[in-house]
Amino acid sequence: MSEQVRAAVAEAFRDEWGQLVATLIRWTGDWDLAEEAAQEAFAVALRRWPVDGIPRRPGAWLTTVARNHATDRLRRNVVGAAKLRELAMLDGDPGPDPESGPLTDDRLRLIFTCCHPALGFDARIALTLRTLTGLTTAEIARAFLVPEQTMSKRLVRAKAKIREAGIPYRVPPAHLLPERTTAVLAVLYLVFNEGYAATGGAELIRESLCAEAIRLTRLLVGLMPDEPEAQGLLALLLLHDARRTSRVDAGGDLITLEFQDRSRWDRDAISEGINLLDNAFRRGPVGPYRVQAAIAACHATAPTAADTDWKQIAGLYDRLLVLVPSAIVALNRAVAIGMAEGPAAGLAEVDTLRGRPELAVNHLLPATRADLLRRLGDTAGAATAYREALALVDTAAERRYLERRLAETISGDVRPG
478 MSEQVRAAVA EAFRDEWGQL VATLIRWTGD WDLAEEAAQE AFAVALRRWP
528 VDGIPRRPGA WLTTVARNHA TDRLRRNVVG AAKLRELAML DGDPGPDPES
578 GPLTDDRLRL IFTCCHPALG FDARIALTLR TLTGLTTAEI ARAFLVPEQT
628 MSKRLVRAKA KIREAGIPYR VPPAHLLPER TTAVLAVLYL VFNEGYAATG
678 GAELIRESLC AEAIRLTRLL VGLMPDEPEA QGLLALLLLH DARRTSRVDA
728 GGDLITLEFQ DRSRWDRDAI SEGINLLDNA FRRGPVGPYR VQAAIAACHA
778 TAPTAADTDW KQIAGLYDRL LVLVPSAIVA LNRAVAIGMA EGPAAGLAEV
828 DTLRGRPELA VNHLLPATRA DLLRRLGDTA GAATAYREAL ALVDTAAERR
878 YLERRLAETI SGDVRPG
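Using this note's numbering, you'd call the opening residue of the sequence shown number 478 and step up by one each time.
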């Protein structure tokens, strides 16, 4: 298989998976069949595109193949035959659903269905990530810091609940939107993070996931113009995405915020994010996305790394920790304290987090300790902590970064990056 075809299939997966599965779920009403048919369509593409050539409209080609596979599967069982008679009344294209609410985007409809209040909060987010982005169960388990088997059972139960409870596949009417807002925002945030964190090697940065999260968040802001946390999330995503192209070098290696070329940051995205944030802060009690966006704004508006107001950032993390009392937020707060008050103060905060189960399999805690120890001049302690982080890291780009830091710590020659 040529590299061109392989790249085309990978690009189609990134761009089309969510739309394809969402459309198939609406058409068949069967979540497992929709995923199976989508997977089969990509398997056929891997066989056919090298022979027949890459289609002019890959999404349409994949949709046709997936629907044909789903139709064949439905024909082979009695329940499916009844479903096919029902579907035969539709045109070839299922078209928009008149009962879908104020927006008919299939992916937004999928998110709201997954985020029905009948489902557990974590199950809502995990199911949406699985169906909308095509992330594997292992990848989602890693994001939640739980074993893969636990996540697999959670996904099976969530799909069964939707089927058994007859949860409608739609964007709900306006009066039901608020009860699902928190989970929907969390889903969009995690979709963006999955794309933003995927750096290095053949992955680079999964721009399509970041762009899709921003697009869907814009739709949500349009759907709920008076929801300040939706505006805060959009501001946060834009402010992070503005720095995306400066986060890796030509070889795919990570460049930390301190050493990024700020002239490459997208000033239009930063300006839009700041304006959204200013507007959102005028509305109601401040929520976690607005606080995170304010932290991102502190970085985005500092002319140089040295100009960053770490004291203000530490204060914002104090506020965020009250709203989101998680170990990751506490770790980020410790970093900010280390920058504002010195590495000894930061290390004292980090050491209070050792033993937290959420961080037990995460490389961030030892990597943070290593950096603080290095800044304190404890080369041996820093090297030990970098080795601990390397035993836990699971992405190639982050592994290369930590290996470089370890080598620099041992040699005493710390270079930018």
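Just so it is clear, CB atoms sit at the ideal spot from N, CA and C, and this is done for glycine as well.
| Item | Value |
| --- | --- |
| Counted within 10 angstroms of its Cβ, other Cβ atoms place Gln590 as buried (16 or more) or exposed | Reading off the sequence, residue 590 comes out as Thr, not Gln. Per the 10 Å Cβ criterion, buried. |
| Proximity below 9 Å, CB of Glu826 to CB of Arg767 | no |
| Cβ-based neighbour list, Leu849, same chain, cut-off 6 Å, excluding 5 preceding and 5 following | Gly815, Pro820, Gly823, Leu824 |
| Outcome for Asp570 when other beta-carbon atoms lying within 10 angstroms are tallied against a minimum of 16 | Only weak support is given to the placement of Asp570: the predicted model assigns it a pLDDT of 47, under 50, and the question is left unresolved by the model. |
| Residue range of the alpha helix (DSSP H) that includes Gly823 | 820–828 |
| Same chain, Cβ closer than 7 Å to Ala860, five either side skipped, listed in chain order | Leu883, Thr886, Ile887 |
| Neighbour-count burial assignment, Pro655, 16 or more Cβ in a 10 Å radius | exposed |
| Under the three-state DSSP convention, the category Phe490 falls into | helix |
| Under 9 Å between C-beta atoms of Ala514 and Arg544 | yes |
| Pairwise C-alpha distance: Gly889 and Leu879 | 15 Å |
| Residue ranges of each alpha helix (DSSP H) within the segment 618–656, 4 or longer | 625–642 |
| Sub-9 Å separation of Gly672 and Phe490 beta-carbons | no |
| Ile747 and Ala719 closer than 9 Å at C-beta | yes |
| Secondary structure of Val528, DSSP reduced to three states | helix |
| Three-state secondary structure assigned by DSSP to Leu596 | coil |
| Where Val725 sits in the DSSP three-state scheme | strand |
| C-alpha distance - Ala844 paired with Leu700, whole-angstrom precision | 41 Å |
| Other residues of its chain near Ile691: CB distance less than 6 Å, five sequence neighbours each side excluded | Leu714 |
| Whole-angstrom distance between His546 and Ala520, CA atom to CA atom | 12 Å |
| Best match in Leu711, Thr613, Arg741, Trp526 for proximity to Trp494 [C-alpha to C-alpha] | Thr613 |
| Cβ separation of Leu604 and Ala635, assumed to be a contact under 8 Å, to the nearest whole Å | 4 Å |
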